[in-house]
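Student: Sharing a structure with you now.
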Amino acid sequence: MSSVPVITLDGPSGSGKGTVSTRLASKLGWHYLDSGAIYRALAHAAGLAGVMESGAAAEIARGLQLAFRPAPDGGAAVLLDGADITDAIRTEECGALASRFAADPAVREALLQRQRDFRQAPGLVADGRDMGTVVFPDAEHKIYLTASAEVRAERRHKQLKQKGINDSIARLLEVIRERDARDEGRETSPLKPAADAIVLDTSDMSLEEVVESVQQKVGYSSLS
Numbered sequence: 720m721s722s723v724p725v726i727t728l729d730g731p732s733g734s735g736k737g738t739v740s741t742r743l744a745s746k747l748g749w750h751y752l753d754s755g756a757i758y759r760a761l762a763h764a765a766g767l768a769g770v771m772e773s774g775a776a777a778e779i780a781r782g783l784q785l786a787f788r789p790a791p792d793g794g795a796a797v798l799l800d801g802a803d804i805t806d807a808i809r810t811e812e813c814g815a816l817a818s819r820f821a822a823d824p825a826v827r828e829a830l831l832q833r834q835r836d837f838r839q840a841p842g843l844v845a846d847g848r849d850m851g852t853v854v855f856p857d858a859e860h861k862i863y864l865t866a867s868a869e870v871r872a873e874r875r876h877k878q879l880k881q882k883g884i885n886d887s888i889a890r891l892l893e894v895i896r897e898r899d900a901r902d903e904g905r906e907t908s909p910l911k912p913a914a915d916a917i918v919l920d921t922s923d924m925s926l927e928e929v930v931e932s933v934q935q936k937v938g939y940s941s942l943s
């Protein structure tokens, strides 16, 4: 067991875990891991290589050179081989391919140690779908954020609109429900709260309220 502390935030897409995690990591001065971005980066790299099958994607996964750095908007930029791919991996198509790859045990195994390597002093805040159940089962604090599919679709619609991308809430809702079913139903590392996780429904909460609640629950409410 590592002596480096870890806080995990798991949950479905649109639950707010990414933004909350980056803010918490910044406040603590800890390292940050966006596991979803790793799978999206794999999907992006596989797409560039013309690979659509999970078996071949597992080989690509073993050689991914990925890093995160603070972004001007307060989030985290994703670097693949030194190139910023933050915007490129946020498309719905990339997310769908990433979710499909994530259902393959060989891909998950290839990326498991790569994710654990982010655990470095003074600490790590990790967000994803199996951070508290599989990747860091010994994490000091485990939070599971959730929200209704309708609220998550509205949040995604707002994010895309801010980027000048038009998409209907109805289609986004369909995509989210399909992804939830795939993530929750897969045999390997299904999406679910860890047995010792604190579950927080963010449907009726603002981002600031979620951040404050998480800080209180993990014992860092005094940080500014």
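Quick note on the working numbering: the sequence shown kicks off at 720 and runs consecutively. Glycine residues also receive a C-beta, built at the ideal position from the N, C-alpha and C atoms.
1. List in chain order: all unbroken alpha helix (DSSP H) runs of 4+ residues lying wholly within the segment 726-765.
2. Given residue 942, which residues of its chain have a CB within under 6 Å of its CB, disregarding the five upstream and five downstream residues?
3. Below 8 Å CB to CB, which residues in the same chain sit around residue 798 once its five sequence neighbours on both sides are set aside?
4. Distance check for residue 928 and residue 821, CA to CA, integer angstroms please.
5. Is residue 782 helix, strand or coil by DSSP?
6. Could you check the C-alpha separation between residue 824 and residue 906 for me, to the nearest Å?
7. Give me the Cα-Cα distance between residue 851 and residue 857, rounded to the nearest whole angstrom.
8. Sorted by chain position, which residues of the same chain lie with C-beta nearer than 6 Å to residue 903's C-beta, five sequence neighbours on each side aside?
9. Note down, one range per segment and in chain order, each alpha helix (DSSP H) of at least 4 residues found wholly within the segment 805-886.
10. When the Cα atoms are used, what is the spatial distance from residue 754 to residue 800?
11. Taking the alpha-carbon positions, what's the residue 848 to residue 771 distance?
12. Measuring CB atoms only, is the segment 886-893 touching the segment 860-875, in the sense that at least three cross pairs come out at less than 8 Å?
13. Could you name the residues of the same chain whose beta carbon sits closer than 8 Å to that of residue 813, not counting the 5 residues immediately before and after it, in chain order?
14. Taking the alpha carbon of residue 796 as the reference point, which residue from 757, 843 and 867 has its own alpha carbon closest?
15. Identify which residue in 937, 870 and 885 has its Cα closest to the Cα of residue 923.
Tutor: Considering the structure as presented:
1. Fully contained in the segment 726-765 are the following alpha helix (DSSP H) runs of length 4 or more, in chain order: 736-747.
2. Below a pLDDT of 50, predicted positions are generally treated as unreliable, and residue 942, at 44, falls in that range; the measurement from the model is reported next regardless. The answer, listed in chain order, is 746.
3. Same-chain partners within the cutoff: 785, 786, 787, 788 and 804.
4. Straight-line Cα distance between these residues: approximately 31 Å.
5. In this structure, residue 782 counts as coil in the three-state DSSP scheme.
6. Looking at the backbone, the Cα of residue 824 and that of residue 906 are separated by about 9 Å.
7. Rounded to the nearest angstrom, the two C-alpha atoms are 8 Å apart.
8. The beta carbon of residue 903 is closer than 6 Å to those of 909 and 910 in its chain, skipping five residues each way along the sequence.
9. Inside the segment 805-886, DSSP marks whole alpha helix (DSSP H) runs of 4 or more residues at positions 811-821, 824-835 and 868-881, from first to last along the chain.
10. Going by C-alpha positions, residue 754 is about 17 Å away from residue 800.
11. Approximately 22 Å, taken between the alpha carbons.
12. At 8 Å Cβ cutoff, the stretches touch.
13. So the qualifying residues of the chain are 759, 762, 763, 766 and 807.
14. When each option's Cα is compared against that of residue 796, the closest is 757.
15. The shortest C-alpha separation from residue 923 is found at 870.
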